[in-house]
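Everything on this sheet refers to the single structure shown next.
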Amino acid sequence: MATKLHVLKAMEGDAFILTVEENGNMFNMVIDGGPLDAYQEVSAELNKLDHIDILVITHFDRDHYEGIIEWLKEDPLRLQKIDHIWVNCTVVISLNKGTEVSAYSNSHSLKEFLEGVEQNHPDWNIDWKQEIIAGYKYTNQNPFVEIEIIAPTNESKGIFEHEYEKQYPAISAQGVKDQMSRSLKELADDETLKPAYQKVNNSSIAMIIRTNDKSLLMTGDCMATDMYNYITQKLNKSKEDPLSIDIMKLPHHGSRYNINNDLLDIVDCDKYLITTNGGAGNANHPDRQTIAKILKREGRRDKHIEICLNYSRKDEMASHGTKFLTDDEISDKKNNFDLKENIEWL
Ligand SMILES: [Zn+2]
350 MATKLHVLKA MEGDAFILTV EENGNMFNMV IDGGPLDAYQ EVSAELNKLD
400 HIDILVITHF DRDHYEGIIE WLKEDPLRLQ KIDHIWVNCT VVISLNKGTE
450 VSAYSNSHSL KEFLEGVEQN HPDWNIDWKQ EIIAGYKYTN QNPFVEIEII
500 APTNESKGIF EHEYEKQYPA ISAQGVKDQM SRSLKELADD ETLKPAYQKV
550 NNSSIAMIIR TNDKSLLMTG DCMATDMYNY ITQKLNKSKE DPLSIDIMKL
600 PHHGSRYNIN NDLLDIVDCD KYLITTNGGA GNANHPDRQT IAKILKREGR
650 RDKHIEICLN YSRKDEMASH GTKFLTDDEI SDKKNNFDLK ENIEWL
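Throughout the sequence shown, residue numbering follows this note's numbering, covering 350 to 695 in sequence.
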């Protein structure tokens, strides 16, 4: 029996396939599908799955949904092998007007597309209409998989197309370079950074997944506050009695705007996963400050941890034009961590 997280190389975006196998029974879950640039890599892996129990599109952002939409458009028959689609933004996800989508060429949005498929194939029983918000729980018995949604809240869920463009803070390559002149300890203690306006990102579906041999915290591009509130208020976890997790996928590709010491303190974690090739456009990921907080914050637990990248540091530096850690910081035993690069399976 084994749980495996396949971390796909989805360029600046996210794409994961979680598989759980127990006594010959399989559970397959797809979480996001990367941007169009990563389509070849992502679709090749999706095509290998003969059944998808749950397909999740965490939020309305192209580096998370484009690959999925392209894959469904390419052959709508693929919907036959999906039981549940978890997505809160079907109205705003566009299928690109004018694109022929077999029998559903009038569909402009994912919502219209899925409705068209439903009309033509009522027997497929694709479940996609339920809103997936904090508090929702799902259990699969064989193999055992338990999922608890911790974000978005009902308030954070609502997004509109016009909000997409203005969501991003100006994270410049220069900003990342400037951080190199500050020590990890100084950056870890600095909690003055205001969370930037990221309404689309904060509508991300974030969840705790537990199987018989692994626990994961998958966070999409969520902000820290909603997740912190859920874990403390609904799960009654605290710094003293933290949420125990094997793998935490850091939100928003390691952006410093989506993490804080409070959230890190209430999660006791062995492996932190950062998914990005360094970012595209204005984004420069991951931030040195995010890594500083993991390593050097006051509340860090005294144990060895791993920080896992799905690309190499060199790839990410090529995009940044700068390092986010020095070689000395990586080899410094006092930092008590391993940097793992090009991670494909966890
Ligand atoms: Zn993203």
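The C-beta atom is built at its ideal place from N, Cα and C for all residues, glycine as well.
V405 (DSSP reduced to helix, strand or coil): strand
Contact shell at 5 Å, judged by CB to any heavy atom of ligand 3, ordered along the chain: In terms of ligand content, the structure shown lacks ligand 3 and carries ligand 1 instead.
Closest residue to C657 among N550, E480, N489 and G603 (Cα-Cα distance): Of the candidates N550, E480, N489 and G603, G603 places its Cα closest to the Cα of C657.
Contact under 8 Å by Cβ, L613 with K642: It is a contact, given that the beta carbons lie within the stated cut-off.
Per-residue DSSP class, three states only, for R699: Here the chain covers residues 350 to 695 and nothing more, so residue 699 does not appear.
DSSP state of D677 mapped onto helix, strand, coil: helix
Closest residue to N445 among E423, N437, V436 and H433 (Cα-Cα distance): Scanning E423, N437, V436 and H433 for the CA closest to the CA of N445 turns up E423.
Min CB distance D538 to chain B below 8 Å: Looking at the structure shown, chain B is missing, and only one protein chain is on hand.
Distance CB(T407)-CB(H413) smaller than 8 Å: yes
For W420, three-class secondary structure by DSSP: helix
Outcome for Q528 when other beta-carbon atoms lying within 10 angstroms are tallied against a minimum of 16: buried
Residues near C618 by beta carbon distance below 6 Å, same chain, minus five either side: Correct list, in chain order: I594 and M597.
Sequence-distant residues of its chain with Cβ nearer than 6 Å to T502 (five each side left out): A483 and D575
DSSP beta-bridge partners of V369: Among the bridge pairs identified by DSSP, V369 is matched with T352 and F376.
Y621 vs L599 beta-carbon contact at 8 Å: yes
Counterpart residues of Y487 in DSSP-defined beta bridges: I496
Minimum C-alpha distance to A577 - residue among S552, K506 and I608: First, the residue type needs correcting, since residue 577 is Tyr and not Ala in the sequence shown. Y577 has its Cα closest to that of I608, out of S552, K506 and I608.
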